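Notes for the one structure printed next.
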Amino acid sequence: MLLQEFFFFFFFASLIPKEVHFTKHPVFVELNELTMDKNQEMQWKETARWIKFEEDVEEETDRWGKPHVASLSFRSLLELRRTISHGAVLLDLDQKTLPGIAHQVVEQMIISDQIKAEDRSNVLRALLLKHRNEPQVRLGSPWLVEALAHTSSSVLRFQQKEPCLGPGMHRSKSKHELKLLEKIPENAEATVVLVGCVDFLEQPTMAFVRLQEAVELESVLEVPVPVRFLFVLLGPPTTSMDYHQIGRSISTLMSDKVSRKINGSYLADDRQDLLNAINNFLDCSIVLPPSEMGDDELLRSVARFQREMLRKREEQEQALLKPSKQSDDPLKRTNRPFGGLIRDIQRRYPKYISDFSDALNSQCMAAVIFIYFAALSPAITFGGLLGEKTDGLIGVSELIISTAVQGILFCLLGAQPLLVVGFSGPILVFEEAFYSFCKANSMEYLTGRVWIGFWLIVIVIFTVAFEGSFLVRFVSRFTQEIFSFLISLIFICETFIKLGRIFKEHPLKRCSINSTTEEEEKPNTALLSLVLMAGTFFIAFYLRKFKNSAFFPGSCRRIIGDFGVPIAILIMVLMDYSIEDTYTQKLSVPSGFSVTSPNKRGWIINPLGSDGQFPVWMMFACCLPALLVFILIFMETQITTLIVSKKERMLLKGSGFHLDLLLIVVLGGSSALFGLPWMAAATVRSVTHVNALTVMSTAVAPGDKPRIQEVKEQRVTGLLVAIMVGLSIVIGDLLRQIPLAVLFGIFLYMGVMSLNGIQLTERMMLLLMPSKYHPDHTYVRKVRTWRMHLFTCIQMVCLAVLWAVMSTQASLAFPFVLLLTVPVKMFVLRRIFNEREIACLDGDDAEPKFDERDCYDEYSEMHMPV
Numbered sequence: 003m004l005l006q007e008f009f010f011f012f013f014f015a016s017l018i019p020k021e022v023h024f025t026k027h028p029v030f031v032e033l034n035e036l037t038m039d040k041n042q043e044m045q046w047k048e049t050a051r052w053i054k055f056e057e058d059v060e061e062e063t064d065r066w067g068k069p070h071v072a073s074l075s076f077r078s079l080l081e082l083r084r085t086i087s088h089g090a091v092l093l094d095l096d097q098k099t100l101p102g103i104a105h106q107v108v109e110q111m112i113i114s115d116q117i118k119a120e121d122r123s124n125v126l127r128a129l130l131l132k133h134r135n136e137p138q139v140r141l142g143s144p145w146l147v148e149a150l151a152h153t154s155s156s157v158l159r160f161q162q163k164e165p166c167l168g169p170g171m172h173r174s175k176s177k178h179e180l181k182l183l184e185k186i187p188e189n190a191e192a193t194v195v196l197v198g199c200v201d202f203l204e205q206p207t208m209a210f211v212r213l214q215e216a217v218e219l220e221s222v223l224e225v226p227v228p229v230r231f232l233f234v235l236l237g238p239p240t241t242s243m244d245y246h247q248i249g250r251s252i253s254t255l256m257s258d259k260v261s262r263k264i265n266g267s268y269l270a271d272d273r274q275d276l277l278n279a280i281n282n283f284l285d286c287s288i289v290l291p292p293s294e295m296g297d298d299e300l301l302r303s304v305a306r307f308q309r310e311m312l313r314k315r316e317e318q319e320q321a322l323l324k325p326s327k328q329s330d331d332p333l334k335r336t337n338r339p340f341g342g343l344i345r346d347i348q349r350r351y352p353k354y355i356s357d358f359s360d361a362l363n364s365q366c367m368a369a370v371i372f373i374y375f376a377a378l379s380p381a382i383t384f385g386g387l388l389g390e391k392t393d394g395l396i397g398v399s400e401l402i403i404s405t406a407v408q409g410i411l412f413c414l415l416g417a418q419p420l421l422v423v424g425f426s427g428p429i430l431v432f433e434e435a436f437y438s439f440c441k442a443n444s445m446e447y448l449t450g451r452v453w454i455g456f457w458l459i460v461i462v463i464f465t466v467a468f469e470g471s472f473l474v475r476f477v478s479r480f481t482q483e484i485f486s487f488l489i490s491l492i493f494i495c496e497t498f499i500k501l502g503r504i505f506k507e508h509p510l511k512r513c514s515i516n517s518t519t520e521e522e523e524k525p526n527t528a529l530l531s532l533v534l535m536a537g538t539f540f541i542a543f544y545l546r547k548f549k550n551s552a553f554f555p556g557s558c559r560r561i562i563g564d565f566g567v568p569i570a571i572l573i574m575v576l577m578d579y580s581i582e583d584t585y586t587q588k589l590s591v592p593s594g595f596s597v598t599s600p601n602k603r604g605w606i607i608n609p610l611g612s613d614g615q616f617p618v619w620m621m622f623a624c625c626l627p628a629l630l631v632f633i634l635i636f637m638e639t640q641i642t643t644l645i646v647s648k649k650e651r652m653l654l655k656g657s658g659f660h661l662d663l664l665l666i667v668v669l670g671g672s673s674a675l676f677g678l679p680w681m682a683a684a685t686v687r688s689v690t691h692v693n694a695l696t697v698m699s700t701a702v703a704p705g706d707k708p709r710i711q712e713v714k715e716q717r718v719t720g721l722l723v724a725i726m727v728g729l730s731i732v733i734g735d736l737l738r739q740i741p742l743a744v745l746f747g748i749f750l751y752m753g754v755m756s757l758n759g760i761q762l763t764e765r766m767m768l769l770l771m772p773s774k775y776h777p778d779h780t781y782v783r784k785v786r787t788w789r790m791h792l793f794t795c796i797q798m799v800c801l802a803v804l805w806a807v808m809s810t811q812a813s814l815a816f817p818f819v820l821l822l823t824v825p826v827k828m829f830v831l832r833r834i835f836n837e838r839e840i841a842c843l844d845g846d847d848a849e850p851k852f853d854e855r856d857c858y859d860e861y862s863e864m865h866m867p868v
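For the sequence shown, our numbering gives the first residue as 3, with consecutive numbering after it.
Shown next as C-alpha cells:
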C-alpha cells in the first residue's frame, strides 16, 4: 500500500509543469451545496454566485436575491485556512473533464490521508452527482461511477466517449443564460465551489484545484464559462464546521479583485502561497464587534477605514513600481520648429479611416439629432444677441454659416473631431466691447475685425512653431473649473435673461371667466413661454434619469434616454402647435444665404474700409485686440480639450493640441474677411457631445455601477451636425415653427448638466451643509473643513471677478483676467495651502470624476427563478 501511494505521488507530481505563465482573468464564482431533491436523491444545487458582489438564492421563493457585499464570519476564514493547510492542493492539473478531475482529486485525498481507500467510490459518486442546472445527461449514474472508481483506464474510456454523452454541449442558450452572460466579462474564468455534508466520512476532506487550462465543464455551471479553479469540501454532519460559511469565504476570496491582485491565485506555486493569500485577505478585512449596529451613516466609517487600509497598500506598491510618464504625451515638447504639429499629424491621421467606420452605430445617430439642436440653439440665440449688440452687422445668418463651414472643415481636418466648434459667451463679450470701441472712435467695425483676423493667423503660426500649447500644462484644475463653471453659468443666465425679456415685452394679463372683452381674455404669451421652457428642460432631464430607473427592459430605457432631448423638443413643439390662440416667439431663421443686414454690408469685407480710408495705424494696433481674442480661443479650446481628454473617459485615438489650435484660429481669422464670427471649441457642447457618444459596458456585475466601455471616436457625428446646421437655412420654414422658449429649455439643460462632475459645484454646496453630511471624498477627508471652504471661496472670488469684468466696460480685459487665474494658483495658493491640500483639492485625481451615468441598467430582470 505504501509503494502504491508513493507511485501515485510521483505520478501526479510529474503532471504538474515546473513553470507555467498565466494571464489573470476576471472570475465568476458559483457555490454549489449538497441538497436532497423532491425524489429524495442527493444533488448539487447552486445556492450563491459572485460576479463581483454576492447573490444568494432565497429558499422561500427560489429566486435570486439582491446583490450585496459579502459579510463573512471570522471563524469561517480561520477554518478555511486550516482546511487548506491540511487538504489536497492540485495546481496546474492537466484534465479536460469533470470525471477526470474528480478521479485525481479523490486519489489526492487518499494520498493526503484525508479519506480512506474504501471511501473512494463514495466520494467520487458525490462529486459526480447531477447539478441542478444540468441537461438530461446524468454523470452521476451508478454504472459510470463504479466504472470510474475501479480503474484509471475507465477515465480514459469515458474521455473518449464523453462527446457522445454530452449532447447539450452545443445547445442554444436560454434567455436567462444570455442575460447573465451579458454581465460577465468576455474573458472571465470560473471557480466552482462544492461543499456539503455526507454520512460516510469521519472527518472533513478538502481539495483545491487549479487547472492548467480553463475548460468548459458541461452541466456544472449555469452558464458556459470555462472553469479554472475548483474547491471541494465534504465532511460529516457531526462536526462543528459550517460548510456553507466556508464555501462563502473561499468564494468571496476568489471573486475579490483586490485579493486576486495581492495573492495571485493564478501564480501560486504551492500550498503556502494559498495560505499567504488568506493572510493578505485577513489583513485587508475588518472585524465588527458583536454589538448593536447603528444606522447606515455610522457604517460609512467602516468603509472609510477599509479604503484607507487599501490606499496605504496601493501607495506602497506604487512606490516600488514608479511608473514612468507616457512617451506619447501630446504636450511633450520636441524642441523643433513645428515639431508638435508634425507629431500631432503623424499620430492622429493614420486612424483617419476608422474615424468614419466607427460611426456605424445607432448611438451615433441619436447623438447627431441631439447635438444638432445643441449646436443650432446657441447659434440662433447668440446670433440674436450678437445682432443686437452690433446693430445687425453680424447676426443669425452669419453665425449659422460660420458654425457650419468651420465645423465641417474642422471635423474633416482636426485631431480631436469630438470637439464642437461654436460661438461662446466670452467671445460675445469681446465682440460687444470691440464694437463699442470702434463706434466711439468712428472706425469701421467689420474692417477692424479683418485685421484682427490677420494678426490672429500670425500669432497662432508663431505659437505653433514654438510649441506654445505646452503652456496648457500650467492650466490646472483650479482654472479649468472656474472657466467651466463660468461657461455653464452663461448658458443658465442667458436662459433666464431671455425669458425675462419675454415677460417684459408680454406682461402677464388677468383672465376673467365672466369678462366680455377680448383684451382681458387674451392668453399670456409669457406664461406659455415659461411652460415650454420648463417642460423642455424637465422632460429632457427626467428622461435622462429614466435611463437609470427600474422600469422597462434596459434596451428600451437606453433608447428613451439617448433620444431624451429630441423627444422633449417634439413634445413641446406639438404642445405649442396645438395651442392656437396664444402667441409665442418662434425661431428667427433667415431665408436663403443672405447677410443679416443686406443694406449695411455684403459677404466680402474690404480690408481698407468701405471708403478705403481705414487708418493705417489701426491696422497695426489691431494686434492688441487680436492677442486678446487669441487668449480667449486658446484658453477655451485647450481647456475644452483637456476636459474631453480626461483619462476616465478612456479615449484611445488621442488629441492634437497644436493641430486643433492652428485649425480653429486660422479658420476664424480667415472668416473675418467674410464678416463671419470667430469660433472656439465650445466647452458645454463638446462635453455634451462626448457624453452622448459614451458607451457603457453591459458586462457589469449585478449591483455594480456601469463602467465606460468606449467612446465612439469618429468624425461623422460632428460633420453631420455642421452640415445640418448649415442646411437649417434651407429648412427655415420648418424651423420657424419651433418656439424660442423650447431652445431656452435646451440651453438650461446643457448648462445644468455641464455642472455635473465639477468639483467646484459640489464644494459650493458643501458650504451650506453641516460637516456630518459631507460626502466621503478625498478632499473632505484629507483637508480640514474650514480650509476646504477657504479654497472654495477663493475660486468663487475669482469667478465673481471674471463675471464682473465680463459685465462691465472693462470686458476687453476679460481674457487677461482669466489668464491671471494661473499665477493665482501657482503663487498665491501655494503660500496659503500646503502641497498635500493642493493635491487633494486641485490634483488630477481629485473627486468627483466623470459622471458615468449613461446606460446604467438595474438588474431586476436578473432576479428570476433559478
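Every residue gets a Cβ at the ideal spot worked out from N, C-alpha and C, and that includes glycine. Remember, predicted model here, so these are calculated numbers, not experimental data.
Using CA atoms only, rank isn't needed, just tell me which of the options is closest to residue i.
i, options, result
"residue 543", "554, 562, 656 and 389", "562"
"residue 199", "239, 191, 212 and 221", "239"
"residue 759", "689, 345 and 788", "689"
"residue 749", "821, 768, 642 and 538", "538"
"residue 528", "473, 217, 367 and 586", "586"
"residue 47", "221, 30 and 103", "221"
"residue 99", "656, 228 and 128", "228"
"residue 61", "35, 786 and 342", "35"
For residue i, count the other beta carbons within 10 Å of its own beta carbon; 16 or more makes it buried, fewer makes it exposed. Which is it?
i, result
"residue 508", "buried"
"residue 788", "exposed"
"residue 163", "At residue 163, the pLDDT of 37 sits below 50, so the modelled position is not reliable; the number obtained from the coordinates is stated separately. So residue 163 ends up on the exposed side."
"residue 795", "exposed"
"residue 649", "exposed"
"residue 408", "buried"
"residue 39", "exposed"
"residue 331", "exposed"
"residue 769", "exposed"
"residue 52", "buried"
"residue 101", "buried"
"residue 378", "buried"
"residue 772", "exposed"
"residue 786", "exposed"
Are residue i and residue j close, meaning C-beta to C-beta below 8 Å?
i, j, result
"residue 486", "residue 685", "yes"
"residue 403", "residue 721", "no"
"residue 600", "residue 452", "no"
"residue 243", "residue 81", "yes"
"residue 95", "residue 195", "no"
"residue 895", "residue 131", "This structure does not reach residue 895, given that the chain is present from 3 up to 868, and the question cannot be answered."
"residue 741", "residue 588", "yes"
"residue 30", "residue 186", "yes"
For residue i, report the span of its beta strand (DSSP E) as first-last.
i, result
"residue 29", "29 to 38"
"residue 409", "Counting along the chain, residue 409 falls outside any beta strand (DSSP E), though it belongs to the alpha helix (DSSP H) covering 398 to 415."
"residue 233", "229 to 237"
"residue 788", "Looking at the DSSP string, residue 788 is not in any beta strand (DSSP E); the run it does join, the alpha helix (DSSP H), is 787 to 808."
"residue 212", "207 to 217"
"residue 192", "191 to 199"
"residue 844", "From DSSP, residue 844 is part of no beta strand (DSSP E) but of the alpha helix (DSSP H) over 837 to 844."
Where do the ends of the alpha helix (DSSP H) carrying residue i lie?
i, result
"residue 778", "Where residue 778 is concerned, there is no enclosing alpha helix (DSSP H), given that its DSSP letter is neither H nor E."
"residue 357", "356 to 359"
Below 8 Å, can you find three or more Cβ-Cβ pairs linking the segment 479 to 493 to the segment 801 to 819? Touching, yes.
The segment 280 to 292 contacting the segment 50 to 70, beta-carbon criterion three pairs below 8 Å: Result no; under three Cβ-Cβ pairs closer than 8 Å.
For the segment 448 to 467 against the segment 664 to 677, are there 3 or more C-beta pairs whose distance is under 8 Å? Short answer: they touch.
Are the segment 180 to 197 and the segment 102 to 110 touching, with three or more C-beta to C-beta distances below 8 Å? No, the segment 180 to 197 is not in contact with the segment 102 to 110.
Quick check: the segment 640 to 647 against the segment 378 to 396, are at least 3 beta-carbon pairs closer than 8 Å? Cβ pair count under 8 Å is below three, so no.
Using 8 Å as the cut-off, can you tell me whether the segment 414 to 421 makes contact with the segment 627 to 636, which would need three or more C-beta pairs spanning the two stretches below that distance? Between the segment 414 to 421 and the segment 627 to 636, the count of Cβ pairs shorter than 8 Å is below three; the stretches do not touch.
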